[in-house]
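For what it's worth, the UniProt record's numbering labels the leading residue of the sequence shown as 1, then goes sequentially.
Ideal Cβ placement from N, Cα and C applies to all residues, glycine included.
Here the structure comes first, spelled out in structure tokens, and everything after it is commentary.
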Amino acid sequence: MIELTEAPLNPTALLERARSTKAGGLCLFLGTVRDLTGDRATASLDYEAHPEMARRKMAELDETARRRWPLLAVEIAHRLGHLEPGEIAVVVVVASAHRGDAFEACRWIIDTFKQVVPIWKRENWADGSSEWVHPGQDNPPIPPPPPSPPTSASPPTLSPSPTAVSQVDHL
1 MIELTEAPLN PTALLERARS TKAGGLCLFL GTVRDLTGDR ATASLDYEAH PEMARRKMAE
61 LDETARRRWP LLAVEIAHRL GHLEPGEIAV VVVVASAHRG DAFEACRWII DTFKQVVPIW
121 KRENWADGSS EWVHPGQDNP PIPPPPPSPP TSASPPTLSP SPTAVSQVDH L
């Protein structure tokens, strides 16, 4: 699910939408407005987007992540408009049968999102000045990692070591 909205984001609703009895791992990333950027006090942020292009890029991230990892659900939401420190600006939720895939995909989605999705933010500083920050301004896009090796349907069998068996025998 892809969402751009001026309403406050609800990460609990996004998590619930991604939950499944097939998912052994859900990874949640929240991007929030901090009160300091470097050594400058942040008063607020203003987010603007090219909505059609942003939704299209967000959908591409969803599709690419699903091709690279065995994902059960992907939720990506970004807030637009005026946000104060502490408010949630972006939410990414990824569900997969295994936690490793969920962690890797979630990290790749948010890192790449910040590089390629046409959402701009204006940092409004406490001193009254402001500055626009553009996507991908300082960092090149992050390519998706190679696909993870297939996971086995059944866990590996473990044989007790002779030492463990002898310790159990002597209890």
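When you compare only the Cα positions, how much space is there between residue i and residue j?
{"i": "C106", "j": "C27", "result": "7 Å"}
{"i": "E3", "j": "G81", "result": "14 Å"}
{"i": "L83", "j": "F29", "result": "18 Å"}
{"i": "D101", "j": "G25", "result": "8 Å"}
{"i": "R40", "j": "G86", "result": "16 Å"}
{"i": "V92", "j": "V74", "result": "7 Å"}
{"i": "P8", "j": "L71", "result": "26 Å"}
In or out: residue i buried (at least 16 other Cβ within 10 Å) or exposed?
{"i": "M58", "result": "buried"}
{"i": "T21", "result": "exposed"}
{"i": "E52", "result": "exposed"}
{"i": "L61", "result": "buried"}
When DSSP labels each residue in this structure, what does residue i get in the three-state scheme?
{"i": "E3", "result": "strand"}
{"i": "T37", "result": "strand"}
{"i": "V116", "result": "helix"}
{"i": "residue 181", "result": "The question about residue 181 has no answer, for the chain in this structure spans 1 to 171."}
{"i": "L15", "result": "helix"}
{"i": "A102", "result": "helix"}
{"i": "P69", "result": "Strictly speaking, residue 69 in this sequence is Trp, with Pro absent from that position. Three-state result, W69: coil."}
{"i": "E87", "result": "coil"}
Based on the DSSP output, what are the partners of residue i in its beta bridges?
{"i": "D46", "result": "H82 and R122"}
Assuming residue i contacts residue j (C-beta within less than 8 Å), just tell me the rounded distance between them.
{"i": "I109", "j": "P11", "result": "Not quite, the Cβ-Cβ distance comes to about 15 Å (not below 8 Å), so this is no contact."}
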